[in-house]
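Notes for the one structure printed next.
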Amino acid sequence: MSDDSKTMPLRQGTTFGSEDAIPEIDPSTTAGLLTERLQAWKHAVVYLEDYVGAVEKVHKVHAKEYEKVLKTISHPLREGHHFDQGLGGVAGFFENMRVNTQVSCSDLYGCFGGYKADCEKALVNSNTETEKTLKGTVLPILERLHKEIKAKHKEVSHGADKGAKEIEKARNATQKHIELLGQHSASFESTGGKLHPTDDPYVLKRGVIHRLNKQIIAENNHSNDLLHVQEGFQAFEAHIVQVVQEVMEAFNQVAGGQAEKTRALYADMLGAAQHIPGDFEWKGFTQRNAQRLVNPNDPPRSLDAVTFANQDHGSTKPLIEGSLERKSRNKLSWGTQSAYYVVTPAKYLHEFKDDDNLQHDPKPELSIYLPEAVIGVPNGDKFNVKGKDRGKSFSSKLAGTSELAFKAHSPADAQKWFEAISAAAGSTGSMYESAPGSPVVGTDSHGSTSSKVSKVNSGHKEQEAGITGVETVSSPTAMSPTEKVASGPTTPANEEKKIVG
1 MSDDSKTMPL RQGTTFGSED AIPEIDPSTT AGLLTERLQA WKHAVVYLED
51 YVGAVEKVHK VHAKEYEKVL KTISHPLREG HHFDQGLGGV AGFFENMRVN
101 TQVSCSDLYG CFGGYKADCE KALVNSNTET EKTLKGTVLP ILERLHKEIK
151 AKHKEVSHGA DKGAKEIEKA RNATQKHIEL LGQHSASFES TGGKLHPTDD
201 PYVLKRGVIH RLNKQIIAEN NHSNDLLHVQ EGFQAFEAHI VQVVQEVMEA
251 FNQVAGGQAE KTRALYADML GAAQHIPGDF EWKGFTQRNA QRLVNPNDPP
301 RSLDAVTFAN QDHGSTKPLI EGSLERKSRN KLSWGTQSAY YVVTPAKYLH
351 EFKDDDNLQH DPKPELSIYL PEAVIGVPNG DKFNVKGKDR GKSFSSKLAG
401 TSELAFKAHS PADAQKWFEA ISAAAGSTGS MYESAPGSPV VGTDSHGSTS
451 SKVSKVNSGH KEQEAGITGV ETVSSPTAMS PTEKVASGPT TPANEEKKIV
501 G
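Below, the structure is given as structure tokens:
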């Protein structure tokens with residue numbers, strides 16, 4: 001064999017462009033980011049709950065316990081990267097609380113330095129009353145807010161997980177089919193194109209398109225769901241900020257009675273909270289994470305814009321395709337039915353219900369391997385193909401070898417189909433003049449029922465291609481009288497001759 005004939009087929013690249021069939025971005029990234037943000041808000045509220053609860057205890061035992069208050073907010077915020085680290089935001093608000101609480105710890109006793117006995121009595125009474133008020137009024141507000149955030153977190157994470165699993169399932173199905181297409185496209189040349197009908201790259205390509213469409217629908221639905229959740233975050237966060245402001249206002253009123261200076265410190269904390277615009281954190285968050293959040297201006301994915309590996313491989317491009325009418329193989333049926341037929345480079349003649357790749361998985365209703373088939377010369381707009389259905393359907397196993405009578409839209413179309421089928425059959429396929437279905441001599445003006453077919457290259461032996469073992473292939477079943485009149489003269493079954501192309 002020559003060097004050229006030994007050249008192995010090359011697998012086409014499987015890297016994707018900007019519109020990849022299987023994006024590398026995890027579908028749960030946006031959902032994970034949003035649920036993590038809810039966690040951040042929940043921990044922020046927990047921070048505040050801890051703070052108010054600690055203040056309640058501090059007022060119960062004495063002012064020196066304010067050091068415990070400071071400890072509750074001495075650590076950086078969990079998921080603190082979700083908040084703006086500058087002034088005017090949640091992080092700046094907690095920094096303000098740390099500073100004011102630390103000042104109160106060092107200055108609390110100084111303001112009562114000359115009146116220690118009276119001061120202690122007043123602090124005990126005021127702290128006891130303050131402790132009761134904080135426990136019964138302020139903390140329940142934070143607890144309710146905590147439950148709201150927790151419920152929102154559960155709602156978002158549950159819905160996102162469900163959508164992400166559906167997308168993952170759809171993507172796995174698409175990826176598996178793309179890998180099958182790559183496998184059989186790569187082996188197409190080395191196997192001589194002799195593949196099983198279901199392994200035909202053309203069929204696999206259509207299967208990829210079908211699964212890819214389902215995947216894109218699931219991705220777009222999931223994206224719309226996330227966008228809906230995402231757009232609701234601004235209002236929800238504004239509500240959180242509003243409740244926090246209400247809590248801080250109530251907290252200021254309760255704890256401010258302790259002393260005028262202590263009140264001033266808490267008022268400063270309140271001011272820091274009130275200066276946070278409801279959408280301040282959200283706007284900063286969307287700017288910092290613009291690449292990870294869903295862009296409401298991005299158009300939904302389109303199947304037309306998606307590319308995948310081996311999409312344009314030569315084995316996926318049909319030699320000819322289109323609609324034909326075929327007489328039913330049921331001998332009791334006289335009518336014809338229209339279907340979509342394709343001759344592929346793998347030398348198969350496939351029959352499909354239609355050319356739709358989206359509504360249902362395009363599986364061949366019938367698959368004939370043309371090198372093993374007998375091809376009838378066209379007569380007008382009619383031609384015949386005699387072969388065995390190689391499909392996996394139950395009906396194909398029962399049908400055996402049969403002659404299929406086709407009718408094209410015009411004699412020219414019939415000739416095109418004949419040439420494409422003959423080319424696909426190659427040197428192993430045989431073209432015969434089939435008496436019942438493919439007469440080669442037109443009718444005379446009187447509708448004569450006799451015809452003569454001259455033998456070309458009579459030295460050739462009898463046809464063997466398409467015959468399994470040593471069994472003799474029977475002649476096609478004779479047509480009914482009605483068909484004979486419609487088709488014109490026929491050649492007797494025992495006079496089938498091979499036409500040398």
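One point on numbering: in UniProt numbering, the residue at position 234 of the sequence shown is 234, and numbering is uninterrupted. Backbone N, C-alpha and C define an ideal beta-carbon position, used for all residues, glycine too.
Straight-line Cα distance separating residue j from residue i
i	j	result
Thr268	Asn96	Checking the sequence, you will find Asp at residue 268 rather than Thr. Cα to Cα, Asp268 sits roughly 8 Å from Asn96.
His338	Ser328	A small fix is needed here, since residue 338 is Ser in this sequence, not His. Cα to Cα, Ser338 sits roughly 10 Å from Ser328.
Ala423	Leu370	9 Å
Val374	Glu179	34 Å
Lys388	Ile368	6 Å
Gly88	Val55	24 Å
Thr336	Leu404	11 Å
Thr401	Ala160	53 Å
Ile167	Leu212	11 Å
residue 519	Gly53	Past the edges of the chain, shown from 1 to 501, lies residue 519, and the structure says nothing about it.
Glu49	Gly136	13 Å
Ala122	Gly163	In this prediction, Ala122 has a pLDDT of 36, which is less than 50 and means its spatial position is unreliable; what the coordinates show is noted afterwards. Taking the straight line from one Cα to the other gives about 60 Å.
Thr286	Leu293	7 Å
Gly284	Val58	35 Å
Ser157	Thr30	11 Å
Leu142	His239	12 Å
Ile216	Gln311	17 Å
Gly376	Glu419	11 Å
Arg37	Lys169	27 Å
Gln242	His275	11 Å
Gly391	Glu155	48 Å
Ala40	His146	11 Å
Backbone secondary structure at residue i - three-state DSSP
i	result
Ala339	strand
Leu33	helix
residue 505	Past the edges of the chain, shown from 1 to 501, lies residue 505, and the structure says nothing about it.
Thr401	strand
Arg98	helix
Leu358	coil
Val294	coil
Leu366	strand
Limits of the alpha helix (DSSP H) - the one that residue i falls within
i	result
Ile141	139-186
Ser422	411-425
Range covered by the beta strand (DSSP E) that runs through residue i
i	result
Arg288	Premise fails: Arg288 lies in the alpha helix (DSSP H), 280-288, not in any beta strand (DSSP E).
Ala305	Note, Ala305: premise wrong, no beta strand (DSSP E); not H, not E.
Glu384	What sits at residue 384 in the sequence shown is Asn, not Glu. Here the beta strand (DSSP E) through Asn384 covers 382-388.
Lys194	Unbroken run through Lys194: none, as it is neither H nor E.
residue 509	Because residue 509 is not part of the residues shown, which for the chain are 1 to 501, the question remains open.
Gly136	No beta strand (DSSP E) holds Gly136; DSSP gives it neither H nor E.
Val374	374-376
Residue-chain proximity (residue i, chain B), Cβ-Cβ < 8 Å
i	result
Glu403	Of the protein chains in this structure there is only one, and it is not chain B.
Could you tell me which uninterrupted alpha helix (DSSP H) segments, each at least 4 residues in length, are contained entirely in the region 201-277, listed from first to last along the chain? 201-255, 260-274
May I ask you to verify whether the region 174-184 touches the region 37-50, counting CB pairs closer than 8 Å and requiring at least 3? no
Cβ pair count under 8 Å reaching 3, the region 193-210 against the region 351-363: yes
Is there contact here, the region 379-387 with the region 229-241, by at least three beta-carbon pairs under 8 Å? no
Scan the region 40-88 and note each continuous alpha helix (DSSP H) run of 4 residues or more that stays entirely inside, going in chain order. 66-72
Using 8 Å as the cut-off, can you tell me whether the region 404-420 makes contact with the region 319-328, which would need three or more C-beta pairs spanning the two stretches below that distance? yes
Would you call the region 189-202 in contact with the region 338-352, where contact means no fewer than 3 C-beta pairs closer than 8 Å? yes
Do the region 70-80 and the region 264-282 meet, that is, are 3 or more Cβ pairs less than 8 Å apart? no
Three Cβ pairs or more, each shorter than 8 Å: is that satisfied between the region 243-250 and the region 299-306? no
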